[in-house]
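Numbering (my numbering), first residue to last: 17 to 239.
Quick reminder that beta carbons are idealized off the backbone N, C-alpha and C, glycines included.
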């Protein structure tokens with residue numbers, strides 16, 4: 017397969033080169049792409065900033081489609097060979113559990129959403145998930161304890177937009193895959209945060225989702 021040349025390389029490199037870029041806009045682009053994949057019954061299986069490319073006009077493109085699969089099919093573990101390192105820090109906990117019959121866990125739209133949340137955290141901070149841990153074994157121990165990444169200083173507890181984003185990320189990392197929001201809802205919310213800057217239209221989007229209780233910390237700011 018021949019792909020167009022991506023002048024800015026991968027998204028991790030792009031953020032380092034242009035630290036002032038709007039991180040919410042980048043998140044909106046990525047969530048739009050993942051939502052599109054899932055609507056097409058595709059699972060990417062290896063989402064992270066190193067697998068997202070940036071064109072000359074700043075458009076984010078999802079890459080590494082050789083790891084994309086039809087939804088519901090089984091995908092074996094694969095390790096990326098690029099400089100981004102392994103995928104463990106972006107990987108949903110259920111994919112790390114050993115199956116009783118030694119079958120390889122299936123990657124799914126739910127595990128994609130978990131990785132999407134980690135990728136958005138990576139975009140916002142410019143650091144890999146669980147950046148507080150230098151080595152992967154410490155990350156595995158954190159996952160065993162159901163310990164989430166630390167809330168970064170880039171997501172203020174006083175800014176409405178940032179509070180919503182953090183609440184959304186936490187929902188993407190729910191230990192129960194079935195409780196994670198769909199990629200389409202994640203995109204609608206992130207797009208609302210980027211475009212509407214938390215307006216009545218954004219609240220309407222939440223009400224349409226039918227589950228405001230998913231984000232109690234953020235909805236409390238409207239009281």
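Identified DSSP bridge partners for residue 202: Looking up residue 202 in the chain shown gives position 186. Its beta-bridge partners do not exist; DSSP assigns none.
Boundaries (first-last residue) of the alpha helix (DSSP H) holding residue 132: Within the chain shown, the letter at position 116 stands for residue 132. For residue 132, the enclosing alpha helix (DSSP H) covers residues 125-141.
Residue 43 beta carbon less than 8 Å from that of residue 136: In the chain shown, residue 136 corresponds to position 120, counting from 1. In the chain shown, residue 43 corresponds to position 27, counting from 1. Closer than 8 Å, so yes.
Beta-carbon proximity check, residue 209 vs residue 128, cutoff 8 Å: Locating residue 209 in the chain shown gives position 193, counting from the first residue. Locating residue 128 in the chain shown gives position 112, counting from the first residue. No, these two residues do not count as a Cβ contact at 8 Å.
Heavy atom of the ligand PLP within 7 Å of residue 143 beta-carbon: The ligand PLP is absent from the structure shown, which contains no ligands of any kind.
Extent of the continuous alpha helix (DSSP H) to which residue 42 belongs: Along the chain shown, one-based indexing puts residue 42 at 26. It spans 39-55 - the alpha helix (DSSP H) in which residue 42 sits, taken as one unbroken run.
For residue 195, the three-state DSSP class (helix, strand or coil): The sequence position of residue 195 within the chain shown is 179, counting from 1. Looking at residue 195 - three-state DSSP - the assignment turns out to be helix.
Backbone secondary structure at residue 144 - three-state DSSP: In the chain shown, residue 144 corresponds to position 128, counting from 1. Residue 144 falls in the coil class under three-state DSSP.
Residue 108 at chain C interface by Cβ criterion, 8 Å: Checking the listed chains, one finds no chain C in this structure; it contains a single protein chain.
Where the beta strand (DSSP E) containing residue 69 begins and where it ends: By one-based count along the chain shown, residue 69 stands at place 53. Looking at the DSSP string, the run of the beta strand (DSSP E) that includes residue 69 is 68-70.
Same chain, Cβ closer than 6 Å to residue 28, neighbours up to 5 away in sequence not counted: Residue 28 sits at position 12 when you count from the first residue of the chain shown. Only 65 and 66 meet the Cβ criterion.
Nearest to residue 186 (by Cα), restricted to the options 174, 153, 149 and 145: Numbered from 1 along the chain shown, position 170 holds the residue referred to as residue 186. Looking at the Cα atoms, 145 is the closest of the given residues.
Burial state of residue 55, where buried means 16 or more other Cβ atoms lie within 10 Å: Sequence index remark: in the chain shown, residue 55 carries index 39 (1-based). Answer is exposed; the Cβ neighbour count stays below 16.
Paired residues, beta bridge with residue 77 - DSSP: By 1-based counting over the chain shown, the position of residue 77 is 61. BP columns for residue 77 point to 69.
8 Å Cβ cutoff met for residue 168 and residue 139: As a working note, residue 168 is residue 152 in the chain shown. As a working note, residue 139 is residue 123 in the chain shown. Residue 168 is not a Cβ neighbour of residue 139, given a cutoff of 8 Å.
Contact under 8 Å by Cβ, residue 103 with residue 202: Reading the chain shown from its first residue, position 87 is the one you call residue 103. Reading the chain shown from its first residue, position 186 is the one you call residue 202. Cβ atoms of residue 103 and residue 202: not closer than 8 Å.
Residue 126 burial status per 10 Å Cβ neighbour count (16 or more: buried): Within the chain shown, residue 126 is the residue found at index 110, counting from 1. Looking at its Cβ environment, which holds 16 or more other Cβ atoms inside 10 Å, residue 126 is buried.
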